[in-house]
Amino acid sequence: MKTFTFFLYKYGITGYYFLSESGFYCSRRFDLSQHSPKTIKNVYTQETISAIFFILPSLLGFIMFFAFPLIRGVFISFTDWDMFNPPKFIGLQNFAALFKDDVYWNSLWVTIQYVLWNIPLQTVLALLIAVVMTKIKSSSLLRGTLLLPWLLPNVVVALLAMVLLDPTIGIINVCLKSFGFGPVNFLTTIQLALPSIAFINIWKFMGYNALIVFAGIQGIPQEVNEAVIMDGAPPWKAFWAVTFPMIRNVMAFVITTSVIGSFQIYDTVAVATRGGPGHSTWVMNFFITKTAFEEYKMGLATAGAIVLFLILVAVGFIQMRLMRADESD
Amino acid sequence: MIHERKSIKYLFVIITAILVFISLFPLAWVVRMSFMPNKIIAGYPSDIIPPGLSLSNFGRVFGLIKGLDAVKLGGSGQSLNFFRFLFNSLFVSSVMTLSQVFFSALGAYAFARLRFPGRKFIFNLYLSALMVPAIVMIIPNFILVKDLGWLNTYMGILAPSFLMTPLAVFFLRQFFLGINKELEEAAIIDGAGRFRIFFRIILPMSQTALTTLAIITFINQWNDYLWPLIVGKDVGSRMLTVALGVFRSQTTNGSPDWGGLMAGTVLATVPTLVLFIAFGKKVVNSIGFSGFR
Chain A
1 MKTFTFFLYK YGITGYYFLS ESGFYCSRRF DLSQHSPKTI KNVYTQETIS AIFFILPSLL
61 GFIMFFAFPL IRGVFISFTD WDMFNPPKFI GLQNFAALFK DDVYWNSLWV TIQYVLWNIP
121 LQTVLALLIA VVMTKIKSSS LLRGTLLLPW LLPNVVVALL AMVLLDPTIG IINVCLKSFG
181 FGPVNFLTTI QLALPSIAFI NIWKFMGYNA LIVFAGIQGI PQEVNEAVIM DGAPPWKAFW
241 AVTFPMIRNV MAFVITTSVI GSFQIYDTVA VATRGGPGHS TWVMNFFITK TAFEEYKMGL
301 ATAGAIVLFL ILVAVGFIQM RLMRADESD
Chain B
1001 MIHERKSIKY LFVIITAILV FISLFPLAWV VRMSFMPNKI IAGYPSDIIP PGLSLSNFGR
1061 VFGLIKGLDA VKLGGSGQSL NFFRFLFNSL FVSSVMTLSQ VFFSALGAYA FARLRFPGRK
1121 FIFNLYLSAL MVPAIVMIIP NFILVKDLGW LNTYMGILAP SFLMTPLAVF FLRQFFLGIN
1181 KELEEAAIID GAGRFRIFFR IILPMSQTAL TTLAIITFIN QWNDYLWPLI VGKDVGSRML
1241 TVALGVFRSQ TTNGSPDWGG LMAGTVLATV PTLVLFIAFG KKVVNSIGFS GFR
């Protein structure tokens, strides 16, 4: 069979060969004497017809629940709508209202603070754990165990944190007490609530991120590292000089996805602190859901969501630029 | 090989032990608490195995211990029916897994192998949807589901990702592209149609990818909170995660029903653990090499 394709290819039927991705698809349907354009068209149509059947379900799902809602969301953001009365077109007033809304600005600031708590520590930890994974002989058990928190529901993670951090019965406070420190209200003190939420999610994601970095390190040819160390460089120096530059793209991937994910934090906050104490954990997604499903201001909430979307696009754009700038030197 | 100093090796072993401890301890601690009736929780905050362990928390959560008996054990006396929520979660997650993986695989095959007008355009559209944060779609989708009359039904919870998610299509397409074409070509010579090829050759050859995707889809659906909370808060369609959230918000901040909450938490963790023990290695490897999220 292989030889047959080869001959078709050799005798100049390349056009048809490449037209359909599989050479045999064409070769079966016309012999060498009658390769008229009509036959080609037939093959093409047949494939298109089966393609329609293959793609229809997913395309339907995409149009109904991804494309249409996105367009509709933009429309809703230009209206004043409580879901019960007909929507009223008000142009950009929702965006103007957001701009003047202290609670929204606060939620933006809280979210940025959360990202700043989360990302540096999470990235450094991921790198350290990944290095440990490469040094341990049979690390698959370690990798599996560290991945477990990532697979748990956010609600469960929030409840775990609540019970461990509880001022009276939480084991962490019991330990602190035995060292002579008073009970700390991690989740109900304004200054501590947001960092605590950040730590909870660092716990959840550290293994997952480390695993990606680990895979990146595994992708580097062993000889490179060994050669440098042979030359007499200490291992940590070899790591900074050789390994780290080679996993820069992986690190960029980890940071980008973590930043985008952190901007959308909701579940942990909704269960563990409900935005409080005060507005100290009132993150953007919390603002949006509250505005939509408790105050029924659909237009305002959708506008808030679109602003979040634009922020994420900007973040992604900046990170892409930074990566490119790095590559050029 | 390079000889490393022994002390450094020990250091790595110690770090590993600490990491494993940090990852597993919270879960183990919650399992311990789920067996402690509320009365003894405050009395024994730090004993590893406290006295007086019982299954009463699970009994209350499943609604087997009701009314005054439950109040005596530290519950609020409201009726809890986690059997129902457990079934809802299992049912919705299973249906979602089967349908999403199947329909996404159909689409992915077309993108990987068939030529049709607009292939690249549609695929790029799918990909760009990956960029949009979920919350942007959630509000219009809620309105759509409400207009369709699917609020508080399984359909409502399932609808948005029933037929596809961009990530599933993308993941499977990448895998299908890597499958050798020769077998397919031979099948075409023998006169097999595209659907026959898909079911007889492609699906059996993609078992690894399909299993990985199925596990991730199941766990994602099982863990999902915001969407099921918005469209399925009624008892009939309430998922386990939502039930836990509701349970948590019903308990007062002064003296939460920790025992009951922890029993529910353990319950919500069990399927993840089972899947993880059975297929953990597959998931670990696929994340290592595709960055699956």
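Protein sequence lines correspond, in order, to chains A and B. Using this note's numbering, the letters of the first sequence map in sequence onto residues 1 to 329. Using this note's numbering, the letters of the second sequence map in sequence onto residues 1001 to 1293. Ideal placement from N, C-alpha and C gives every residue a C-beta, glycine not left out.
Cβ-based burial, residue 248 of chain A [other Cβ within 10 Å; buried from 16]:
If you draw a 10 Å sphere on the C-beta of residue 248 of chain A, you find fewer than 16 other C-beta atoms in it, and that means exposed.
Using CA atoms only, rank isn't needed, just tell me which of B/1132, B/1121, B/1228, B/1277 is closest to residue 345 of chain A.
As displayed, chain A neither begins before 1 nor continues past 329, which places residue 345 of chain A out of reach and without an answer.
Give me the Cα-Cα distance between residue 267 of chain A and residue 155 of chain A, rounded to the nearest whole angstrom.
6 angstroms
Every unbroken alpha helix (DSSP H) within the stretch 143 to 204 of chain A, with a cutoff of 4 residues, ordered by chain
154 to 165, 171 to 178
Would you list the one or two residues that DSSP bridges to residue 290 of chain A?
Per DSSP, none; premise fails for residue 290 of chain A.
Cβ-based contacts, 7 angstroms cut-off: residues of the stretch 136 to 169 of chain A near chain B
136, 140, 142, 143, 144, 145, 146, 147, 148, 149, 151, 152, 153, 154, 155, 156, 159, 160, 163, 164, 168, 169
Would you check if the distance between the CB atom of residue 78 of chain A and the CB atom of residue 92 of chain A is smaller than 9 angstroms?
yes
Given a cut-off of 9 angstroms on the beta-carbon distance, is the pair residue 169 of chain A and residue 1042 of chain B in contact?
Yes. Within cutoff.
Got a sec: is the Cβ-Cβ distance from residue 264 of chain A to anything in chain B below 9 angstroms?
yes
Contact set between the stretch 53 to 82 of chain A and chain B, restricted to residues whose Cβ is under 8 angstroms from the partner
53, 54, 55, 57, 58, 59, 60, 61, 62, 64, 65, 66, 67, 68, 69, 70, 72, 73, 76
Using a Cβ-Cβ cut-off of less than 9 angstroms, list which residues of the stretch 1021 to 1036 of chain B approach chain A; keep chain order.
Taking 9 angstroms as the upper bound on Cβ-Cβ separation, chain A lies near residues 1022, 1023, 1024, 1025, 1026, 1027, 1029, 1030, 1033 of the stretch 1021 to 1036 of chain B.
From B/1183, B/1091, B/1278, residue whose alpha carbon lies closest to that of residue 1157 of chain B
Out of B/1183, B/1091, B/1278, B/1091 has the C-alpha closest to the C-alpha of residue 1157 of chain B.
Exposed or buried, residue 294 of chain A, counting other C-beta atoms within 10 Å across all chains shown (16 or more means buried)?
With fewer than 16 other beta carbons inside 10 angstroms of its own, residue 294 of chain A counts as exposed.
Any contact between the stretch 302 to 310 of chain A and the stretch 210 to 228 of chain A? By contact I mean 3 or more CB pairs, one from each, below 8 angstroms.
no
Residues of the stretch 104 to 136 of chain A whose Cβ lies closer than 7 angstroms to any Cβ of chain B, in chain order
129, 132, 135, 136
In chain order, what residues of the same chain lie with their CB nearer than 6 angstroms to the CB of residue 10 of chain A, ignoring the 5 residues before and after it?
Low local confidence applies: a pLDDT of 35 at residue 10 of chain A is under 50, so the model's placement there is unreliable, and no value is given.
Distance between residue 95 of chain A and residue 1137 of chain B (C-alpha atoms, nearest Å):
Near 18 angstroms, if we compare the C-alpha coordinates of residue 95 of chain A and residue 1137 of chain B.
Integer-rounded CB distance, given that residue 315 of chain A should sit under 8 angstroms from residue 114 of chain A:
Not really, about 14 angstroms apart at Cβ, beyond 8 angstroms.
Quick check on residue 1147 of chain B: does DSSP put it in helix, strand or coil?
helix
What would DSSP say about residue 1224 of chain B, mapped onto helix, strand or coil?
coil
Quick one: does residue 50 of chain A have its CB under 9 angstroms from some CB of chain B?
yes
Report yes if the C-beta distance between residue 1063 of chain B and residue 1088 of chain B is below 9 angstroms; otherwise report no.
no
State yes or no: is the C-beta of residue 1268 of chain B within less than 9 angstroms of the C-beta of residue 1173 of chain B?
In this structure, the beta-carbon distance from residue 1268 of chain B to residue 1173 of chain B does not fall below 9 angstroms.
Using the beta-carbon count (16 or more within 10 Å), is residue 285 of chain A buried or exposed?
buried
Residues that residue 80 of chain A bridges to, as DSSP identifies them:
A/88
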